[in-house]
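Trainee: Dropping the structure in here first, questions after.
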Amino acid sequence: MTATTERASNPAAAAEDRPIGFGRLQRKEDPRFIRGKGHYLDDVNLPGMLHGAMLRSPYAHARLISIDTSAALKLPGVHAVITGKDLEGLNLAWAPTLSADVMAILATDKVRFQGQEVAFVVADDRYAARDALELIDVEYEALPPVINARKALDADAPVIRDDKEGRTNNHIFDWEAGDSAETDAVFARDDVVIVAEDIVYPRVHPAPMETCGAVADYDPIDGKLTLWETTQAPHAHRTLYAIVAGIPEHKIRVISPDIGGGFGNKVGIYPGYVCAVVGSIVTGKPVKWVEDRSENLMSTSFARDYLMHGEVAATPEGKILAVRTTVLADHGAFNATAQPTKYPAGFFHIFTGSYDLEAAHCKVTGVYTNKAPGGVAYACSFRVTEAVYLVERMVDILALKLKMDPAEIRLKNFIKPEQFPYANKTGWEYDSGEYERAMRMAMDMAGYDELRREQAQKRERGELMGIGVTFFTETVGAGPRKHMDIVGLGMADGAELRVHPTGKAVVRLSVQSQGQGHETTFAQIVSEEIGIPPEDIEVVHGDTDNTPFGLGTYGSRSTPVSGGAVAMVTRKVRDKARLIAAAMLETRPEDLEWEKGRFFVKGDPSQGKTIAEIAMGAHGTVTLPEGVDGNLDAEVTYDPPNLTFPFGAYICVVDIDPGTGVVKVRRFIAVDDCGTRINEMIIEGQVHGGLTDGVGMALMEIIDFDEDGNCLGGSFMDYLIPTAMEVPDWETGHTVTPSPHHPIGAKGIGESATVGSPSAVVNAVVDALQPYGVVHIDMPCTPSRVWEAMQGRHVPTAGV
Amino acid sequence: MQITMSVNGDSVTREIEPRVLLIHFLRDVLGLTGTHWGCDTSNCGLCTVLMDGAPVKSCTVLAVMASGHEIRTVEGLATGGTLDPVQQGFMEEHGLQCGFCTPGMMLTARALLDKNPDPDEDTIREAISGQICRCTGYATIVRSIQWAAAHPAGSSQAETAVDPETAEVSA
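What follows is the structure, encoded as structure tokens:
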């Protein structure tokens with residue numbers, strides 16, 4: 068559906084040639100960004116504002132013996148130095164995490180990862196604050212660290228969390244999904260072919276271009292805290308501050324200004340935010356804290372770090388029967404992952420993928436290590452990324468064993484369109500899908516058969532060309548309140564719509580954009596439902612005093628949940644408009660017909676009222692029907708009935724330099740199905756960005772550690788992110804399979820490409836290396852690792 | 006110490022500590038917050054500004070080193086009431102999402118087009134390869150710069166993009 072056709076269907080808008088509803092539309096937020104007038108966290112400057120800086124641990128594991136702040140306090144311009152001991156007095160040294168654990172705000176007993184927060188300085192400016200950090204004298208007693216997650220449960224492993232009474236090991240949880248006995252029975256059959264592989268998804272980092280930060284402004288007279296934060300979830304933060312800090316919730320206002328990228332990194336509450344609040348309370352002045360790049364990479368929410376073992380059982384003809392997997396999940400020093408309470412491994416149990424299986428089972432064990440906490444970020448996806456990577460690598464390994472084409476084996480095993488809604492073996496109900504259509508489209512776009520011919524010719528000449536095929540199904544839009552909460556807060560989202568007397572509208576959201584273009588797409592949803600042009604609709608978000616409650620933007624949930632809320636609230640307004648229009652036209656509501664932007668009398672289209680006329684009537688002197696109050700406003704909280712299941716087919720073509728092992732991504736074809744499409748331009752942008760993330764993880768990005776626990780990815784000189792030189796011009800296509808349960812049929816697109824692309828790249832690399840008999844390489848496929856694999860050497864597992 | 010430089014055509018003189026970085030001088034002293042900071046190690050290029058027409062990373066230039074030079078920031082891209090074609094191109098081709106890398110990207114694009122009005126794709130990719138964007142995947146940035154090359158200032162489409170901030174009110 069394009070803007071042009073929508074325009075044609077709406078007489079009022081067509082007259083002014085203004086777009087209505089869905090379709091490609093330039094973004095409403097762009098005019099300020101291209102002028103340098105975005106308003107990001109570090110652009111918040113308040114009168115008398117002070118600056119904070121954080122002192123961090125150089126050790127991965129050490130006992131804190133003493134902290135001497137006297138020299139720092141004597142430095143001119145320094146107002147306060149806050150330590151864990153100070154916070155203990157306020158009962159703030161430890162705070163609950165999003166996963167029923169506690170985390171240190173400032174260390175009191177031990178430091179448990181390199182970069183952990185130890186002391187916070189408040190000074191006149193950022194230079195003075197940094198100077199003061201140098202003058203704080205901390206005495207540590209180094210302890211042996213636990214770096215390799217595989218050794219975390221050894222009997223002689225040092226106990227990291229001895230702050231917890233009675234704890235004698237580093238075990239966090241065991242969690243299972245699927246039927247173990249049923250799955251084992253399939254694997255035990257005589258006639259099945261079994262493949263097995265250890266597959267590591269190494270620790271990576273979201274690394275948004277804007278680092279995390281906060282500006283806290285506590286007003287001691289009325290006791291109100293105004294807190295600007297780089298947060299993807301302002302409302303959840305407000306509630307958590309109220310619970311943790313004891314400030315009444317109505318006296319907390321969280322403002323999330325323009326966000327310079329999030330990718331899950333800005334879901335949690337970081338110690339720096341809390342320290343800025345304490346700093347403001349202590350000094351009586353606003354305090355700004357913005358972390359630097361090393362602080363961001365070394366201490367804030369990482370992603371992945373899943374050590375997986377996958378097994379697939381299939382018939383000799385390539386019909387996949389069962390998948391089972393065991394996972395060791397490295398959660399770092401505190402269990403701070405942001406996922407629904409019931410799901411300590413997130414939605415990893417979507418590892419059954421896009422295939423119709425007889426049985427499946429997974430067991431995930433979470434452990435503590437001396438690494439930074441966090442654990443879902445980077446297109447946070449609630450572990451869908453790890454699940455898709457596992458199954459898509461395993462299917463390729465099976466194809467290799469059976470000497471089948473990787474596209475053919477996927478086509479043979481897809482869940483068929485008529486099987487939807489499809490109950491998989493681990494408890495999900497897939498809403499809708501037409502997988503073969505998307506797969507065939509990707510193969511056509513790629514010229515798949517021709518690529519295979521080219522590859523055969525190149526192999527004869529000794530050239531290394533690889534074609535990677537992948538097909539993914541996500542589960543996003545968390546989620547139904549009966550199943551899903553985070554720290555007891557149901558995962559619903561609110562929306563409020565007001566149509567002003569002149570027919571212009573304001574819609575208020577509980578979610579927060581970090582670049583996804585909410586000001587545009589949510590205006591388009593309202594526009595589609597009620598016929599007001601998007602430019603006449605103001606989208607308000609990111610301010611808890613001015614928006615309804617909801618859990619925020621992560622896990623691709625804005626369109627599935629908040630998008631549902633906005634569609635429903637607009638329909639509620641439209642229903643009310645019908646009653647008012649009927650009163651104005653002196654007819655019965657059921658005798659009115661709706662066309663976008665206008666109600667008219669059935670059989671007499673000349674007798675009608677536009678939304679603007681109805682709005683003026685509602686606020687004016689029209690005699691309103693009984694029970695209808697004088698406005699055109701509504702509010703809803705949308706509780707999604709199910710999650711949505713976007714899917715896609717990706718094909719990646721790589722060339723590898725046999726002399727150096729350098730992998731060059733030559734082409735990347737992505738066919739996505741996110742259900743109903745709101746704004747083509749924004750969807751394509753979301754896909755491009757995710758593909759680039761995926762290429763980065765597959766080829767370059769890793770947060771690794773040495774045996775002492777020193778972080779080896781603590782700057783952009785060490786943590787490599789793709790530039791324009793490492794990625795191709797993306798080739799995108801799409802199919803549309805609407806979600807049957809979502810108000811507008813939309814499924815969400817934010818993470819699809821990040822979820823789907825890493826396996827496409829690695830599958831292509833392994834495919835290219837077939838002349839060398841390579842079955843698997845762990846990410847990142849750096850030149851040295853690829854070259855080692857070509858020499859037939861053991862390539863050490865990354866991340867451990 | 007005292008420094009004097011031209012910023013977006015205006016001469017500015019300030020007394021500063023010698024260690025102040027150009028990025029902090031622009032943002033904290035002059036209040037030009039359109040230039041963003043991202044890494045401190047010259048890797049990400051968010052802080053790119055033009056010094057005498059050439060891109061520099063202002064997180065690794067001391068303000069004193071810019072004394073006596075001409076600095077141009079994103080706030081100086083639109084001139085005489087008209088958006089720079091690069092700004093228009095980024096909106097037309099979705100060359101931005103979160104907008105954080107955008108000012109630096111646009112300034113590098115402006116410097117490239119000043120030297121080479123019709124660059125091919127490889128040249129554009131190389132020109133922006135010192136800058137990181139985490140959102141767009143670069144293809145739309147390349148297209149945005151191509152759009153700007155195809156619509157140079159003075160061409161009919163570029164002229165229609167009136168910038169309310171710099172437009173002079175006619176009597």
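These protein sequence lines are chains A and B, in that order. Remember, this note's numbering sits 67 above the position in the first sequence when you count from 1. Remember, this note's numbering sits 5 above the position in the second sequence when you count from 1. For every residue, glycine included, the Cβ atom is placed at its ideal position computed from N, Cα and C.
Taking a Cβ distance cut-off of 8 Å, strictly less, list which residues of the stretch 101-127 of chain B are near chain A, in chain order.
Mentor: Under the 8 Å Cβ criterion, the stretch 101-127 of chain B contributes Leu-101, Gln-102, Cys-103, Gly-104, Phe-105, Cys-106, Thr-107, Pro-108, Met-111 and Glu-126.
Trainee: Is the CB of Met-857 of chain A under 8 Å away from at least one CB in chain B?
Mentor: As a position in the first sequence, residue 857 of chain A is number 790, starting the count at 1. Judged by the 8 Å Cβ criterion, Met-857 of chain A is not in contact with chain B.
Trainee: I need the boundaries of the beta strand (DSSP E) containing Met-121 of chain A, first residue and last residue.
Mentor: By one-based count along the first sequence, residue 121 of chain A stands at place 54. Looking at the DSSP string, the run of the beta strand (DSSP E) that includes Met-121 of chain A is 117-123.
Trainee: Given this structure, state the Cα-to-Cα distance separating Lys-731 of chain A from Glu-793 of chain A, to the nearest angstrom.
Mentor: To locate residue 731 of chain A, count along the first sequence from 1; it is residue 664. To locate residue 793 of chain A, count along the first sequence from 1; it is residue 726. Approximately 7 Å between the Cα atoms of the pair.
Trainee: Any contact between the stretch 793-805 of chain A and the stretch 420-437 of chain A? By contact I mean 3 or more CB pairs, one from each, below 8 Å.
Mentor: At 8 Å Cβ cutoff, the stretches do not touch.
Trainee: Around the C-beta of Val-226 of chain A, are 16 or more other C-beta atoms found within 10 angstroms, so that it is buried, or is it exposed?
Mentor: Within the first sequence, residue 226 of chain A is the residue found at index 159, counting from 1. Val-226 of chain A is exposed by the Cβ-count criterion.
Trainee: In chain order, what residues of the same chain lie with their CB nearer than 7 Å to the CB of His-808 of chain A, ignoring the 5 residues before and after it?
Mentor: Within the first sequence, residue 808 of chain A is the residue found at index 741, counting from 1. Here the set comprises Asp-498, Pro-708 and Asn-709.
Trainee: Can you give me the C-alpha to C-alpha distance between Glu-657 of chain A and Phe-666 of chain A, rounded to a whole angstrom?
Mentor: For the purposes of this step, residue 657 of chain A is taken as residue 590 along the first sequence, with counting starting at 1. For the purposes of this step, residue 666 of chain A is taken as residue 599 along the first sequence, with counting starting at 1. Glu-657 of chain A and Phe-666 of chain A: Cα-Cα distance of roughly 11 Å.
Trainee: Mind checking who Cys-138 of chain B pairs with in its DSSP beta bridge?
Mentor: As a first step, residue 138 of chain B must be located in the second sequence, where it is residue number 133. Answer is none; Cys-138 of chain B lacks a bridge partner.
Trainee: Can you tell me whether Cys-36 of chain A is helix, strand or coil according to DSSP?
Mentor: Here chain A has residues from 68 to 867 only, and residue 36 of chain A is not among them.
Trainee: Looking at the ligand GDP, does it come within less than 7 Å of Gly-817 of chain A, judged from the CB to the closest heavy atom?
Mentor: Only the bare structure without any ligand can be found here, which leaves the ligand GDP out of the picture.
Trainee: Express the C-alpha separation of Ile-749 of chain A and Cys-103 of chain B in angstroms, rounding to a whole number.
Mentor: Numbered from 1 along the second sequence, position 98 holds the residue referred to as residue 103 of chain B. Numbered from 1 along the first sequence, position 682 holds the residue referred to as residue 749 of chain A. Rounded to whole angstroms, Cys-103 of chain B to Ile-749 of chain A spans 12 Å at the Cα level.
Trainee: Say whether chain A places a C-beta atom closer than 8 Å to the C-beta of Val-69 of chain B.
Mentor: The residue given as residue 69 of chain B occupies position 64 in the second sequence. Not closer than 8 Å to any Cβ of chain A, the Cβ of Val-69 of chain B fails to qualify, so no.
Trainee: Scan the stretch 774-803 of chain A for residues whose Cβ lies nearer than 7 Å to a Cβ of chain B and list them as they occur along the chain.
Mentor: Those residues of the stretch 774-803 of chain A that come within reach of chain B (Cβ to Cβ, closer than 7 Å) are Ser-782, Phe-783, Met-784, Ile-788, Thr-790, Ala-791, Met-792, Val-794, Asp-796 and Trp-797.
Trainee: DSSP on Ile-149 of chain A, reduced to helix/strand/coil?
Mentor: Residue mapping note: residue 149 of chain A aligns to position 82 of the first sequence, counting from 1. If DSSP states are grouped into helix, strand and coil, Ile-149 of chain A belongs with the strands.
Trainee: Taking Met-116 of chain A and Pro-353 of chain A to be in contact with their CB atoms under 8 Å, please state how far apart those CB atoms are, rounded to whole angstroms.
Mentor: As a working note, residue 116 of chain A is residue 49 in the first sequence. As a working note, residue 353 of chain A is residue 286 in the first sequence. That pair is a contact at about 4 Å.
Trainee: Report yes if the C-beta distance between Ile-76 of chain B and Leu-55 of chain B is below 8 Å; otherwise report no.
Mentor: Locating residue 76 of chain B in the second sequence gives position 71, where the first residue counts as 1. Locating residue 55 of chain B in the second sequence gives position 50, where the first residue counts as 1. Closer than 8 Å, so yes.
Trainee: How would you list, in chain order, the residues of chain B whose beta-carbon sits under 8 Å from the beta-carbon of Thr-436 of chain A?
Mentor: The residue labelled residue 436 of chain A in the question sits at position 369 within the first sequence. What Thr-436 of chain A touches in chain B: nothing, since even the nearest Cβ is about 26 Å away.
Trainee: Whose C-beta lies closer than 6 Å to the C-beta of Ser-368 of chain A among residues of the same chain, with five residues either side of it excluded?
Mentor: In the first sequence, the residue the question calls residue 368 of chain A occupies position 301. Asn-332, Gly-335, Gly-441 and Ala-444, listed in sequence order.
Trainee: Cutting at 8 Å between CB atoms, please list the residues of its own chain near Pro-23 of chain B, excluding the five before and the five after it.
Mentor: Stepping through the second sequence from its first residue, residue 23 of chain B is reached at position 18. Within the same chain, Pro-23 of chain B has close Cβ partners Met-6, Leu-67 and Val-69.
Trainee: For Thr-614 of chain A, which option in A:Glu-774, A:Ile-322 and A:Ala-222 has the closest C-alpha, if you only look at C-alpha atoms?
Mentor: Your numbering for residue 614 of chain A matches position 547 in the first sequence. Cα-wise, what sits closest to Thr-614 of chain A is A:Ile-322.
Trainee: When burial is assigned at 16 or more other CB atoms within 10 Å of the CB, is His-861 of chain A buried or exposed?
Mentor: As a position in the first sequence, residue 861 of chain A is number 794, starting the count at 1. Exposed.
Trainee: With respect to the beta strand (DSSP E) encompassing Ala-389 of chain A, which residues constitute its N-terminal and C-terminal limits?
Mentor: The residue labelled residue 389 of chain A in the question sits at position 322 within the first sequence. Taken as a continuous stretch (DSSP letters only), the beta strand (DSSP E) holding Ala-389 of chain A covers 387-397.
Trainee: Kindly say whether Thr-759 of chain A, judged by its beta-carbon, lies nearer than 8 Å to any beta-carbon of chain B.
Mentor: Here residue 759 of chain A corresponds to residue number 692 of the first sequence, with the count starting at 1. Closer than 8 Å: yes.
Trainee: Strictly under 8 Å for the Cβ-Cβ distance: is Tyr-456 of chain A near chain B by that measure?
Mentor: In the first sequence, the residue the question calls residue 456 of chain A occupies position 389. Chain B, which has no Cβ nearer than 8 Å to the Cβ of Tyr-456 of chain A, makes this no.
Trainee: In the DSSP assignment, what residue or residues form a beta bridge with Lys-483 of chain A?
Mentor: For the purposes of this step, residue 483 of chain A is taken as residue 416 along the first sequence, with counting starting at 1. Note: Lys-483 of chain A sits in no beta bridge, so no partner.
Trainee: Thinking C-alpha only, which one of A:Asp-722, A:Arg-733 and A:Leu-618 is nearest Val-554 of chain A?
Mentor: Locating residue 554 of chain A in the first sequence gives position 487, counting from the first residue. Val-554 of chain A has its Cα closest to that of A:Leu-618, out of A:Asp-722, A:Arg-733 and A:Leu-618.
Trainee: Within the stretch 166-223 of chain A, note down every full beta strand (DSSP E) run reaching 3 residues or more, in order along the chain.
Mentor: With a minimum length of 3 residues, the continuous beta strand (DSSP E) runs that stay inside the stretch 166-223 of chain A are 169-171, 184-190 and 204-209.
Trainee: Run the CB neighbour count on Ser-673 of chain A, radius 10 Å, all protein chains shown included, and call it buried at 16 or more, exposed below.
Mentor: What you label residue 673 of chain A is simply residue 606 of the first sequence in a count that begins at 1. By the 10 Å Cβ count, Ser-673 of chain A comes out exposed.
Trainee: With a cut-off of 8 Å on the beta carbons, I'd call Tyr-207 of chain A and Ala-509 of chain A a contact; round off their distance for me.
Mentor: For the purposes of this step, residue 207 of chain A is taken as the residue at position 140 of the first sequence. For the purposes of this step, residue 509 of chain A is taken as the residue at position 442 of the first sequence. No, Tyr-207 of chain A and Ala-509 of chain A are not in contact; Cβ-Cβ is about 54 Å, not under 8 Å.
Trainee: Tell me where the alpha helix (DSSP H) around Leu-51 of chain B begins and ends.
Mentor: On the second sequence, residue 51 of chain B is found 46 positions in, with the first residue counted as 1. Taken as a continuous stretch (DSSP letters only), Leu-51 of chain B belongs to no alpha helix (DSSP H), as it is neither H nor E.
Trainee: Pull the bridge partners of Cys-429 of chain A from the DSSP assignment, please.
Mentor: Taking the first sequence and counting its residues from 1, one reaches residue 429 of chain A at position 362. Its beta-bridge partners are A:Ala-244 and A:Thr-392.
Trainee: Leaving aside the five residues before and after Glu-164 of chain B along the sequence, list all residues of the same chain whose C-beta is less than 7 Å from its C-beta, in chain order.
Mentor: As a working mapping, residue 164 of chain B is identified with position 159 in the second sequence. Here the model assigns Glu-164 of chain B a pLDDT of 47, short of 50, so the residue's position is not dependable, and the following value carries that caveat. So the list reads Thr-87, once near-sequence residues are dropped.
Trainee: Compute the Euclidean distance between the alpha carbons of Gly-416 of chain A and Ala-167 of chain A, then round it to the nearest angstrom.
Mentor: Here residue 416 of chain A refers to the residue found at position 349 when the first sequence is read from its first residue. Here residue 167 of chain A refers to the residue found at position 100 when the first sequence is read from its first residue. In the sequence as presented, Gly is not what sits at residue 416 of chain A; that position holds His. Taking the straight line from one Cα to the other gives about 21 Å.
Trainee: As a quick exercise: from A:Ile-592, A:Gln-522 and A:Ala-827, pick the residue whose alpha carbon is nearest that of Pro-810 of chain A.
Mentor: Translated into the one-based positions of the first sequence, residue 810 of chain A becomes position 743. The option with the nearest alpha carbon to Pro-810 of chain A is A:Ile-592.
Trainee: Residues in its own chain within less than 7 Å of Arg-99 of chain A by CB, not counting five upstream and five downstream?
Mentor: For the purposes of this step, residue 99 of chain A is taken as the residue at position 32 of the first sequence. Closer than 7 Å at the Cβ level, and outside the excluded window around Arg-99 of chain A, lie Gly-105.
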